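See below for the structure under consideration.
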Amino acid sequence: MTDTTLAARGVALDLLRDVLRKSVPFDDAFDAHPDLAGLEPRDRGFVRVLVATVLRRLGQIDELIQACLAKPGLPKAAIHDMLRLGTAQLVFLNTPAHAAVDTAVELAAARNCAPYKGLINAVLRRVGREGIALAAQQDAGRLNTPDWMWLSWRTAYGTAKARGIVEAHLHEAPLDLTAKADPSSWAGRLDATVLPTGTLRRASGGSVTELPGFDAGGWWVQDLAASLPAKLFGDLRGKRVFDLCAAPGGKTAQLVAQGARVVALDRSAKRLERVTENLKRLDLEAELVATDAATWEPGELADAVLLDAPCSATGAIRRHPDILRVKTPDDIAKLAKAQGRLLARALDLVRPGGTLIYCTCSIQPEEGEAQITRLLARDNRMERWPVKPAELGGLSELINEKGEVRSLPGMLSELGGIDGFFVARLRRRP
(Lines of atoms letter the chains of each structure in order from A and count residues from 1; the text may use other names and numbers.)
(Lines give C-alpha, C1' and ligand atoms only; values in the text may rest on other atoms or scores of the structure.)
Protein backbone atom coordinates (compact mmCIF):
# COMPACT_ATOMS: atom_id res chain seq x y z
CA MET A 1 0.00 0.00 0.00
CA THR A 2 1.36 3.41 -0.97
CA ASP A 3 1.65 6.35 1.40
CA THR A 4 -1.05 8.13 -0.64
CA THR A 5 -3.45 5.20 -0.25
CA LEU A 6 -2.90 5.11 3.49
CA ALA A 7 -3.33 8.90 3.74
CA ALA A 8 -6.63 8.75 1.86
CA ARG A 9 -7.99 6.04 4.18
CA GLY A 10 -6.80 8.06 7.15
CA VAL A 11 -8.70 11.12 5.97
CA ALA A 12 -11.81 8.98 5.43
CA LEU A 13 -11.50 7.63 8.98
CA ASP A 14 -11.25 11.16 10.39
CA LEU A 15 -14.26 12.35 8.41
CA LEU A 16 -16.38 9.43 9.53
CA ARG A 17 -15.49 10.20 13.16
CA ASP A 18 -16.37 13.87 12.74
CA VAL A 19 -19.79 13.11 11.25
CA LEU A 20 -20.84 10.18 13.45
CA ARG A 21 -19.45 11.31 16.81
CA LYS A 22 -19.23 15.08 16.51
CA SER A 23 -22.30 15.65 14.29
CA VAL A 24 -20.28 17.80 11.90
CA PRO A 25 -21.94 18.07 8.46
CA PHE A 26 -19.94 16.03 5.97
CA ASP A 27 -19.27 18.89 3.54
CA ASP A 28 -17.97 21.08 6.37
CA ALA A 29 -15.72 18.32 7.70
CA PHE A 30 -14.47 17.53 4.20
CA ASP A 31 -13.62 21.15 3.37
CA ALA A 32 -11.86 21.67 6.71
CA HIS A 33 -9.64 18.58 6.76
CA PRO A 34 -6.01 19.75 6.64
CA ASP A 35 -4.69 16.71 4.73
CA LEU A 36 -7.07 16.84 1.79
CA ALA A 37 -5.04 19.40 -0.12
CA GLY A 38 -2.13 16.98 -0.21
CA LEU A 39 -4.14 14.26 -1.96
CA GLU A 40 -4.44 13.81 -5.70
CA PRO A 41 -7.87 14.65 -7.18
CA ARG A 42 -8.56 10.96 -7.73
CA ASP A 43 -7.85 10.19 -4.07
CA ARG A 44 -10.00 13.11 -2.88
CA GLY A 45 -12.83 11.80 -5.01
CA PHE A 46 -12.37 8.31 -3.57
CA VAL A 47 -12.48 9.66 -0.01
CA ARG A 48 -15.75 11.47 -0.72
CA VAL A 49 -17.38 8.43 -2.30
CA LEU A 50 -16.15 6.07 0.42
CA VAL A 51 -17.40 8.14 3.35
CA ALA A 52 -20.68 8.97 1.61
CA THR A 53 -21.25 5.25 0.99
CA VAL A 54 -20.70 4.42 4.66
CA LEU A 55 -23.13 7.16 5.72
CA ARG A 56 -25.71 6.08 3.13
CA ARG A 57 -25.45 2.37 3.96
CA LEU A 58 -24.58 2.53 7.67
CA GLY A 59 -27.42 0.32 8.90
CA GLN A 60 -26.58 -2.41 6.42
CA ILE A 61 -22.86 -2.15 7.07
CA ASP A 62 -23.23 -2.44 10.84
CA GLU A 63 -25.50 -5.46 10.50
CA LEU A 64 -22.98 -7.12 8.19
CA ILE A 65 -20.13 -6.44 10.61
CA GLN A 66 -22.13 -7.87 13.50
CA ALA A 67 -22.91 -11.00 11.47
CA CYS A 68 -19.21 -11.50 10.70
CA LEU A 69 -17.89 -10.99 14.22
CA ALA A 70 -16.94 -14.19 16.07
CA LYS A 71 -18.47 -12.83 19.27
CA PRO A 72 -21.49 -10.52 19.82
CA GLY A 73 -20.83 -6.87 20.52
CA LEU A 74 -18.94 -4.23 18.60
CA PRO A 75 -15.30 -3.15 19.07
CA LYS A 76 -14.26 0.32 20.16
CA ALA A 77 -15.26 3.24 17.97
CA ALA A 78 -12.09 3.68 15.89
CA ILE A 79 -11.90 -0.04 15.05
CA HIS A 80 -15.60 -0.09 14.27
CA ASP A 81 -15.09 2.76 11.81
CA MET A 82 -12.19 0.95 10.15
CA LEU A 83 -14.42 -2.08 9.71
CA ARG A 84 -17.14 0.15 8.28
CA LEU A 85 -14.77 1.60 5.69
CA GLY A 86 -13.53 -1.87 4.75
CA THR A 87 -17.03 -3.30 4.50
CA ALA A 88 -18.22 -0.45 2.30
CA GLN A 89 -15.37 -1.13 -0.11
CA LEU A 90 -15.91 -4.89 -0.19
CA VAL A 91 -19.69 -4.95 -0.52
CA PHE A 92 -20.71 -1.70 -2.21
CA LEU A 93 -17.68 -0.24 -4.04
CA ASN A 94 -16.25 -3.37 -5.71
CA THR A 95 -12.80 -2.84 -4.22
CA PRO A 96 -10.63 -5.96 -4.62
CA ALA A 97 -10.71 -7.96 -1.39
CA HIS A 98 -6.96 -7.99 -0.85
CA ALA A 99 -6.77 -4.20 -1.24
CA ALA A 100 -9.67 -3.43 1.10
CA VAL A 101 -8.46 -5.82 3.80
CA ASP A 102 -4.77 -4.92 3.60
CA THR A 103 -5.42 -1.17 3.73
CA ALA A 104 -7.67 -1.56 6.76
CA VAL A 105 -5.03 -3.61 8.59
CA GLU A 106 -2.28 -1.12 7.75
CA LEU A 107 -4.50 1.76 8.83
CA ALA A 108 -4.96 0.09 12.23
CA ALA A 109 -1.19 -0.12 12.63
CA ALA A 110 -0.74 3.50 11.58
CA ARG A 111 -3.36 4.66 14.09
CA ASN A 112 -1.83 2.86 17.10
CA CYS A 113 -4.41 0.07 16.98
CA ALA A 114 -2.02 -2.76 16.09
CA PRO A 115 -3.52 -5.18 18.67
CA TYR A 116 -6.71 -5.18 16.60
CA LYS A 117 -5.08 -6.07 13.27
CA GLY A 118 -6.05 -9.73 13.64
CA LEU A 119 -9.68 -8.88 14.37
CA ILE A 120 -9.91 -6.50 11.42
CA ASN A 121 -8.30 -9.04 9.10
CA ALA A 122 -10.61 -11.87 10.20
CA VAL A 123 -13.84 -9.86 10.07
CA LEU A 124 -13.14 -8.27 6.69
CA ARG A 125 -12.04 -11.53 5.11
CA ARG A 126 -15.36 -13.03 6.15
CA VAL A 127 -17.18 -9.95 4.85
CA GLY A 128 -15.34 -10.46 1.57
CA ARG A 129 -16.56 -14.04 1.35
CA GLU A 130 -20.13 -13.63 2.58
CA GLY A 131 -21.00 -9.92 2.57
CA ILE A 132 -22.51 -9.48 -0.90
CA ALA A 133 -24.82 -12.49 -0.45
CA LEU A 134 -25.87 -11.30 3.01
CA ALA A 135 -26.51 -7.76 1.74
CA ALA A 136 -28.82 -9.08 -0.96
CA GLN A 137 -31.12 -10.42 1.78
CA GLN A 138 -31.25 -7.17 3.78
CA ASP A 139 -34.12 -4.67 3.88
CA ALA A 140 -31.71 -1.97 2.77
CA GLY A 141 -33.94 1.09 2.78
CA ARG A 142 -35.35 0.44 6.22
CA LEU A 143 -32.03 -0.63 7.78
CA ASN A 144 -30.30 2.57 6.70
CA THR A 145 -33.03 4.89 8.00
CA PRO A 146 -33.25 6.03 11.64
CA ASP A 147 -36.47 4.91 13.30
CA TRP A 148 -37.75 8.42 13.95
CA MET A 149 -37.40 9.41 10.31
CA TRP A 150 -39.11 6.27 9.05
CA LEU A 151 -42.01 6.70 11.45
CA SER A 152 -42.45 10.38 10.59
CA TRP A 153 -42.53 9.66 6.84
CA ARG A 154 -44.86 6.68 7.21
CA THR A 155 -47.23 8.77 9.30
CA ALA A 156 -47.18 11.68 6.86
CA TYR A 157 -47.26 9.85 3.53
CA GLY A 158 -48.22 6.21 4.14
CA THR A 159 -46.10 3.08 3.99
CA ALA A 160 -45.80 2.87 0.19
CA LYS A 161 -44.47 6.42 -0.23
CA ALA A 162 -42.23 6.09 2.82
CA ARG A 163 -40.79 2.96 1.25
CA GLY A 164 -40.18 4.90 -1.97
CA ILE A 165 -38.36 7.61 -0.02
CA VAL A 166 -35.95 5.29 1.80
CA GLU A 167 -35.20 3.25 -1.31
CA ALA A 168 -34.46 6.41 -3.30
CA HIS A 169 -31.89 7.32 -0.65
CA LEU A 170 -29.84 4.23 -1.52
CA HIS A 171 -28.67 5.85 -4.74
CA GLU A 172 -26.62 8.97 -5.43
CA ALA A 173 -28.58 11.71 -7.18
CA PRO A 174 -27.75 12.74 -10.76
CA LEU A 175 -26.19 16.13 -11.44
CA ASP A 176 -28.77 18.83 -12.25
CA LEU A 177 -27.86 22.16 -13.82
CA THR A 178 -29.76 25.38 -14.53
CA ALA A 179 -28.72 27.16 -17.73
CA LYS A 180 -28.64 30.93 -17.73
CA ALA A 181 -30.25 30.78 -21.18
CA ASP A 182 -31.02 28.31 -23.97
CA PRO A 183 -30.88 24.96 -22.09
CA SER A 184 -31.34 22.98 -25.30
CA SER A 185 -28.05 24.22 -26.74
CA TRP A 186 -26.22 23.42 -23.51
CA ALA A 187 -27.67 19.91 -23.36
CA GLY A 188 -25.55 18.70 -26.25
CA ARG A 189 -22.36 20.26 -24.96
CA LEU A 190 -22.87 18.83 -21.48
CA ASP A 191 -24.13 15.39 -22.53
CA ALA A 192 -27.30 16.20 -20.59
CA THR A 193 -31.04 15.67 -20.93
CA VAL A 194 -33.48 18.57 -20.79
CA LEU A 195 -36.17 17.79 -18.20
CA PRO A 196 -39.77 19.04 -18.65
CA THR A 197 -39.09 22.07 -16.44
CA GLY A 198 -35.96 23.09 -18.38
CA THR A 199 -33.44 21.68 -15.90
CA LEU A 200 -30.43 19.93 -17.45
CA ARG A 201 -29.65 16.48 -16.04
CA ARG A 202 -26.51 14.42 -16.51
CA ALA A 203 -24.88 11.52 -14.68
CA SER A 204 -23.08 12.36 -11.46
CA GLY A 205 -19.32 12.10 -11.14
CA GLY A 206 -16.30 14.01 -12.33
CA SER A 207 -15.30 17.58 -11.64
CA VAL A 208 -18.05 20.15 -12.15
CA THR A 209 -15.55 22.92 -12.71
CA GLU A 210 -14.10 21.11 -15.73
CA LEU A 211 -17.41 20.84 -17.59
CA PRO A 212 -17.98 23.01 -20.68
CA GLY A 213 -19.40 26.41 -19.81
CA PHE A 214 -18.45 26.51 -16.13
CA ASP A 215 -15.79 29.20 -16.45
CA ALA A 216 -17.93 31.11 -18.95
CA GLY A 217 -20.84 31.20 -16.51
CA GLY A 218 -23.31 29.44 -18.77
CA TRP A 219 -25.00 27.46 -15.98
CA TRP A 220 -24.94 26.56 -12.31
CA VAL A 221 -25.57 23.43 -10.25
CA GLN A 222 -29.13 23.25 -8.94
CA ASP A 223 -31.41 20.29 -8.28
CA LEU A 224 -34.63 20.05 -10.26
CA ALA A 225 -36.72 20.56 -7.11
CA ALA A 226 -34.67 23.56 -5.95
CA SER A 227 -35.19 25.24 -9.32
CA LEU A 228 -38.98 25.23 -9.08
CA PRO A 229 -39.76 28.05 -6.56
CA ALA A 230 -38.21 30.89 -8.59
CA LYS A 231 -40.11 29.75 -11.68
CA LEU A 232 -43.48 30.32 -9.98
CA PHE A 233 -43.45 34.12 -9.66
CA GLY A 234 -44.49 34.78 -13.25
CA ASP A 235 -43.07 37.79 -15.07
CA LEU A 236 -40.41 39.41 -12.86
CA ARG A 237 -38.92 41.87 -15.34
CA GLY A 238 -38.14 45.12 -13.52
CA LYS A 239 -39.78 43.97 -10.27
CA ARG A 240 -38.22 44.34 -6.84
CA VAL A 241 -37.62 40.93 -5.24
CA PHE A 242 -36.25 40.03 -1.80
CA ASP A 243 -34.46 36.67 -1.65
CA LEU A 244 -34.30 35.81 2.04
CA CYS A 245 -31.75 33.25 3.30
CA ALA A 246 -30.19 33.40 -0.16
CA ALA A 247 -26.93 31.43 0.09
CA PRO A 248 -25.54 29.61 -1.83
CA GLY A 249 -27.32 31.68 -4.48
CA GLY A 250 -28.88 29.38 -7.04
CA LYS A 251 -32.31 30.92 -6.66
CA THR A 252 -30.79 34.40 -6.57
CA ALA A 253 -29.22 33.69 -9.96
CA GLN A 254 -32.55 32.48 -11.31
CA LEU A 255 -34.37 35.62 -10.16
CA VAL A 256 -31.75 37.93 -11.66
CA ALA A 257 -31.72 35.97 -14.91
CA GLN A 258 -35.51 36.42 -15.06
CA GLY A 259 -35.05 40.18 -15.03
CA ALA A 260 -35.77 40.96 -11.37
CA ARG A 261 -34.08 43.63 -9.25
CA VAL A 262 -32.92 41.38 -6.46
CA VAL A 263 -31.91 42.08 -2.87
CA ALA A 264 -30.38 38.87 -1.51
CA LEU A 265 -30.08 38.43 2.27
CA ASP A 266 -28.26 35.94 4.44
CA ARG A 267 -27.24 36.01 8.10
CA SER A 268 -23.79 34.70 7.25
CA ALA A 269 -21.38 37.10 5.57
CA LYS A 270 -19.16 34.11 4.80
CA ARG A 271 -21.98 32.32 2.99
CA LEU A 272 -22.74 35.50 1.05
CA GLU A 273 -19.16 35.42 -0.23
CA ARG A 274 -20.12 32.27 -2.08
CA VAL A 275 -23.15 34.03 -3.57
CA THR A 276 -20.85 36.84 -4.70
CA GLU A 277 -18.48 34.36 -6.35
CA ASN A 278 -21.31 32.54 -8.11
CA LEU A 279 -22.91 35.72 -9.42
CA LYS A 280 -19.56 37.02 -10.64
CA ARG A 281 -18.91 33.82 -12.57
CA LEU A 282 -22.39 34.02 -14.08
CA ASP A 283 -22.04 37.73 -14.90
CA LEU A 284 -25.19 38.54 -12.90
CA GLU A 285 -25.76 41.32 -10.37
CA ALA A 286 -27.78 41.58 -7.18
CA GLU A 287 -27.64 43.67 -4.02
CA LEU A 288 -26.28 41.48 -1.22
CA VAL A 289 -27.00 42.22 2.44
CA ALA A 290 -25.54 40.31 5.40
CA THR A 291 -28.30 40.54 7.99
CA ASP A 292 -30.98 38.59 9.84
CA ALA A 293 -34.09 38.57 7.68
CA ALA A 294 -36.24 38.37 10.81
CA THR A 295 -35.22 41.89 11.88
CA TRP A 296 -34.23 43.54 8.58
CA GLU A 297 -35.97 46.79 7.70
CA PRO A 298 -35.94 47.63 3.97
CA GLY A 299 -36.55 51.06 2.58
CA GLU A 300 -39.56 49.86 0.62
CA LEU A 301 -41.68 46.74 0.28
CA ALA A 302 -41.08 44.14 -2.42
CA ASP A 303 -43.21 43.06 -5.34
CA ALA A 304 -42.18 39.50 -4.51
CA VAL A 305 -40.42 37.70 -1.67
CA LEU A 306 -38.76 34.29 -1.77
CA LEU A 307 -38.17 32.62 1.59
CA ASP A 308 -36.08 29.48 1.24
CA ALA A 309 -36.08 28.88 4.97
CA PRO A 310 -33.32 27.12 6.91
CA CYS A 311 -34.49 23.54 7.40
CA SER A 312 -33.48 19.99 8.24
CA ALA A 313 -32.74 19.24 4.55
CA THR A 314 -34.25 15.76 4.87
CA GLY A 315 -35.35 16.11 1.25
CA ALA A 316 -31.70 16.21 0.13
CA ILE A 317 -30.47 12.96 1.67
CA ARG A 318 -29.66 11.52 -1.76
CA ARG A 319 -27.01 14.26 -2.07
CA HIS A 320 -26.13 14.57 1.61
CA PRO A 321 -26.42 11.17 3.35
CA ASP A 322 -24.87 12.59 6.52
CA ILE A 323 -28.30 14.11 7.24
CA LEU A 324 -29.39 10.58 8.21
CA ARG A 325 -26.76 10.62 10.93
CA VAL A 326 -26.67 14.17 12.26
CA LYS A 327 -30.32 15.32 12.41
CA THR A 328 -32.63 14.64 15.37
CA PRO A 329 -36.32 15.25 16.18
CA ASP A 330 -35.22 18.15 18.38
CA ASP A 331 -33.66 19.78 15.33
CA ILE A 332 -36.99 19.64 13.52
CA ALA A 333 -38.83 21.29 16.39
CA LYS A 334 -36.27 24.11 16.70
CA LEU A 335 -36.19 24.72 12.96
CA ALA A 336 -39.97 24.79 12.73
CA LYS A 337 -40.11 27.61 15.29
CA ALA A 338 -37.51 29.62 13.40
CA GLN A 339 -39.35 29.04 10.12
CA GLY A 340 -42.57 30.34 11.64
CA ARG A 341 -40.87 33.55 12.72
CA LEU A 342 -39.25 34.08 9.33
CA LEU A 343 -42.48 33.38 7.49
CA ALA A 344 -44.38 35.94 9.58
CA ARG A 345 -41.69 38.50 8.86
CA ALA A 346 -41.62 37.69 5.13
CA LEU A 347 -45.32 38.47 4.91
CA ASP A 348 -44.66 41.98 6.20
CA LEU A 349 -42.09 42.58 3.46
CA VAL A 350 -44.53 41.99 0.57
CA ARG A 351 -46.53 44.88 -0.83
CA PRO A 352 -50.32 44.46 -1.12
CA GLY A 353 -51.00 42.46 -4.26
CA GLY A 354 -47.47 41.01 -4.18
CA THR A 355 -46.33 37.39 -4.07
CA LEU A 356 -44.66 35.38 -1.32
CA ILE A 357 -43.14 31.99 -2.01
CA TYR A 358 -42.12 29.84 0.95
CA CYS A 359 -40.03 26.72 0.42
CA THR A 360 -37.87 24.19 2.23
CA CYS A 361 -35.81 21.20 1.09
CA SER A 362 -37.43 19.12 3.82
CA ILE A 363 -39.94 16.28 3.70
CA GLN A 364 -41.06 16.91 7.29
CA PRO A 365 -44.63 18.34 7.22
CA GLU A 366 -43.78 20.49 10.26
CA GLU A 367 -41.39 22.43 8.04
CA GLY A 368 -43.76 22.66 5.08
CA GLU A 369 -47.52 22.20 4.93
CA ALA A 370 -48.03 22.86 8.65
CA GLN A 371 -46.26 26.23 8.42
CA ILE A 372 -48.64 27.48 5.73
CA THR A 373 -51.72 26.14 7.47
CA ARG A 374 -50.79 27.99 10.66
CA LEU A 375 -49.94 31.21 8.81
CA LEU A 376 -53.25 31.36 6.96
CA ALA A 377 -55.18 30.52 10.12
CA ARG A 378 -53.72 33.44 12.05
CA ASP A 379 -53.33 36.09 9.31
CA ASN A 380 -55.94 36.84 6.66
CA ARG A 381 -53.70 39.17 4.67
CA MET A 382 -52.46 36.23 2.59
CA GLU A 383 -54.22 33.71 0.36
CA ARG A 384 -53.02 30.65 -1.50
CA TRP A 385 -52.17 31.05 -5.15
CA PRO A 386 -52.32 27.43 -6.33
CA VAL A 387 -49.62 26.10 -8.65
CA LYS A 388 -50.80 24.66 -11.97
CA PRO A 389 -49.25 21.60 -13.69
CA ALA A 390 -48.34 23.68 -16.75
CA GLU A 391 -46.02 25.77 -14.55
CA LEU A 392 -44.08 22.61 -13.73
CA GLY A 393 -43.78 21.28 -17.27
CA GLY A 394 -46.86 19.12 -16.76
CA LEU A 395 -45.46 17.28 -13.70
CA SER A 396 -48.82 17.19 -11.94
CA GLU A 397 -47.80 14.53 -9.42
CA LEU A 398 -45.68 17.17 -7.68
CA ILE A 399 -48.76 19.25 -6.75
CA ASN A 400 -50.85 18.42 -3.68
CA GLU A 401 -54.58 18.96 -3.20
CA LYS A 402 -54.05 22.53 -1.95
CA GLY A 403 -52.03 23.59 -4.97
CA GLU A 404 -48.68 23.43 -3.18
CA VAL A 405 -45.61 21.70 -4.56
CA ARG A 406 -44.69 18.60 -2.59
CA SER A 407 -41.96 16.46 -4.12
CA LEU A 408 -40.63 13.32 -2.48
CA PRO A 409 -37.61 11.14 -3.20
CA GLY A 410 -39.08 8.22 -5.08
CA MET A 411 -41.16 10.43 -7.39
CA LEU A 412 -40.24 10.89 -11.07
CA SER A 413 -38.15 7.72 -11.00
CA GLU A 414 -38.52 7.46 -14.77
CA LEU A 415 -36.63 10.74 -15.07
CA GLY A 416 -33.96 9.87 -12.51
CA GLY A 417 -35.80 11.04 -9.40
CA ILE A 418 -36.09 14.31 -7.53
CA ASP A 419 -35.14 15.73 -4.14
CA GLY A 420 -37.80 16.23 -1.50
CA PHE A 421 -39.10 19.79 -1.50
CA PHE A 422 -42.06 21.89 -0.39
CA VAL A 423 -43.20 25.09 -2.11
CA ALA A 424 -46.21 27.25 -1.25
CA ARG A 425 -47.16 30.28 -3.31
CA LEU A 426 -49.13 32.98 -1.53
CA ARG A 427 -50.55 36.30 -2.65
CA ARG A 428 -51.03 39.27 -0.35
CA ARG A 429 -54.55 40.57 -0.63
CA PRO A 430 -54.86 44.11 -2.10
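In the UniProt record's numbering, the protein residues as written are 1 to 430. For each residue, glycine too, the CB sits at the ideal point set by N, CA and C. Given the structure is predicted, the values throughout are model-derived calculations rather than measurements.
Short check: CB of residue i to CB of residue j, under 7 Å?
{"i": "residue 250", "j": "residue 222", "result": "yes"}
{"i": "residue 220", "j": "residue 213", "result": "no"}
{"i": "residue 252", "j": "residue 286", "result": "yes"}
{"i": "residue 403", "j": "residue 378", "result": "no"}
{"i": "residue 168", "j": "residue 409", "result": "yes"}
{"i": "residue 228", "j": "residue 405", "result": "yes"}
{"i": "residue 170", "j": "residue 140", "result": "yes"}
{"i": "residue 9", "j": "residue 107", "result": "yes"}
{"i": "residue 282", "j": "residue 198", "result": "no"}
{"i": "residue 382", "j": "residue 342", "result": "no"}
{"i": "residue 47", "j": "residue 11", "result": "yes"}
{"i": "residue 245", "j": "residue 308", "result": "yes"}
{"i": "residue 284", "j": "residue 263", "result": "no"}
{"i": "residue 318", "j": "residue 173", "result": "yes"}
{"i": "residue 156", "j": "residue 329", "result": "no"}
{"i": "residue 68", "j": "residue 126", "result": "yes"}
{"i": "residue 84", "j": "residue 54", "result": "yes"}
{"i": "residue 124", "j": "residue 73", "result": "no"}
{"i": "residue 352", "j": "residue 298", "result": "no"}
{"i": "residue 230", "j": "residue 275", "result": "no"}
{"i": "residue 224", "j": "residue 200", "result": "no"}
{"i": "residue 436", "j": "residue 325", "result": "Absent from the model: residue 436. The displayed extent of the chain is 1 to 430, so no value can be given."}
{"i": "residue 356", "j": "residue 265", "result": "no"}
Note down the Cα distance separating residue i from residue j, rounded to an integer number of angstroms.
{"i": "residue 77", "j": "residue 132", "result": "24 Å"}
{"i": "residue 195", "j": "residue 182", "result": "13 Å"}
{"i": "residue 411", "j": "residue 128", "result": "34 Å"}
{"i": "residue 416", "j": "residue 407", "result": "13 Å"}
{"i": "residue 388", "j": "residue 369", "result": "17 Å"}
{"i": "residue 354", "j": "residue 4", "result": "57 Å"}
{"i": "residue 438", "j": "residue 119", "result": "As shown, the chain starts at 1 and ends at 430. That puts residue 438 outside it, with no answer to give."}
{"i": "residue 336", "j": "residue 320", "result": "20 Å"}
{"i": "residue 359", "j": "residue 424", "result": "6 Å"}
{"i": "residue 147", "j": "residue 26", "result": "21 Å"}
{"i": "residue 137", "j": "residue 59", "result": "13 Å"}
{"i": "residue 211", "j": "residue 175", "result": "12 Å"}
{"i": "residue 418", "j": "residue 241", "result": "27 Å"}
{"i": "residue 232", "j": "residue 61", "result": "42 Å"}
{"i": "residue 31", "j": "residue 37", "result": "9 Å"}
{"i": "residue 361", "j": "residue 160", "result": "21 Å"}
{"i": "residue 186", "j": "residue 208", "result": "14 Å"}
{"i": "residue 261", "j": "residue 267", "result": "20 Å"}
{"i": "residue 88", "j": "residue 143", "result": "15 Å"}
{"i": "residue 254", "j": "residue 180", "result": "8 Å"}
{"i": "residue 90", "j": "residue 122", "result": "14 Å"}
{"i": "residue 259", "j": "residue 300", "result": "19 Å"}
{"i": "residue 392", "j": "residue 65", "result": "45 Å"}
{"i": "residue 278", "j": "residue 215", "result": "11 Å"}
{"i": "residue 270", "j": "residue 28", "result": "13 Å"}
{"i": "residue 79", "j": "residue 334", "result": "34 Å"}
{"i": "residue 153", "j": "residue 340", "result": "21 Å"}
{"i": "residue 166", "j": "residue 414", "result": "17 Å"}
With respect to the beta strand (DSSP E) encompassing residue i, which residues constitute its N-terminal and C-terminal limits?
{"i": "residue 189", "result": "Where residue 189 is concerned, there is no enclosing beta strand (DSSP E), although the alpha helix (DSSP H) it sits in stretches over 183–190."}
{"i": "residue 260", "result": "Element bounds for residue 260: n/a, residue is neither H nor E."}
{"i": "residue 410", "result": "409–412"}
{"i": "residue 424", "result": "421–428"}
{"i": "residue 370", "result": "Looking at the DSSP string, residue 370 is not in any beta strand (DSSP E); the run it does join, the alpha helix (DSSP H), is 369–378."}
{"i": "residue 387", "result": "No beta strand (DSSP E) holds residue 387; DSSP gives it neither H nor E."}
{"i": "residue 318", "result": "Neither: residue 318 is in no beta strand (DSSP E) and is coded neither H nor E."}
{"i": "residue 240", "result": "240–244"}
{"i": "residue 178", "result": "175–179"}
{"i": "residue 221", "result": "219–221"}
{"i": "residue 307", "result": "302–308"}
Is the beta carbon of residue i within less than 6 Å of some heavy atom of the ligand MN?
{"i": "residue 324", "result": "Of ligands this structure carries none, so the ligand MN is not represented either."}
Kindly indicate the opening and closing residues of the alpha helix (DSSP H) around residue i.
{"i": "residue 329", "result": "329–348"}
{"i": "residue 129", "result": "117–136"}
{"i": "residue 294", "result": "Where residue 294 is concerned, there is no enclosing alpha helix (DSSP H), given that its DSSP letter is neither H nor E."}
{"i": "residue 441", "result": "Residue 441 falls outside the range modelled here, since the chain spans only 1 to 430, and no answer is possible."}
{"i": "residue 202", "result": "Segment 200–202 is the beta strand (DSSP E) holding residue 202; no alpha helix (DSSP H) there."}
{"i": "residue 109", "result": "97–110"}
{"i": "residue 24", "result": "No alpha helix (DSSP H) contains residue 24, which DSSP labels as neither H nor E."}
{"i": "residue 166", "result": "159–168"}
{"i": "residue 229", "result": "228–231"}
Exercise. Would the segment 112–132 and the segment 13–30 be scored as touching if the rule is three or more Cβ pairs under 8 Å?
Worked result: Output reads no: the segment 13–30 does not touch the segment 112–132.
Exercise. Are three or more beta carbon pairs between the segment 295–304 and the segment 234–248 nearer than 8 Å?
Worked result: yes
Exercise. Does the count of Cβ pairs from the segment 312–325 and the segment 288–303 closer than 8 Å reach three?
Worked result: no
Exercise. Which full runs of the alpha helix (DSSP H) of 4+ residues lie inside the segment 37–61, going along the chain?
Worked result: 41–56
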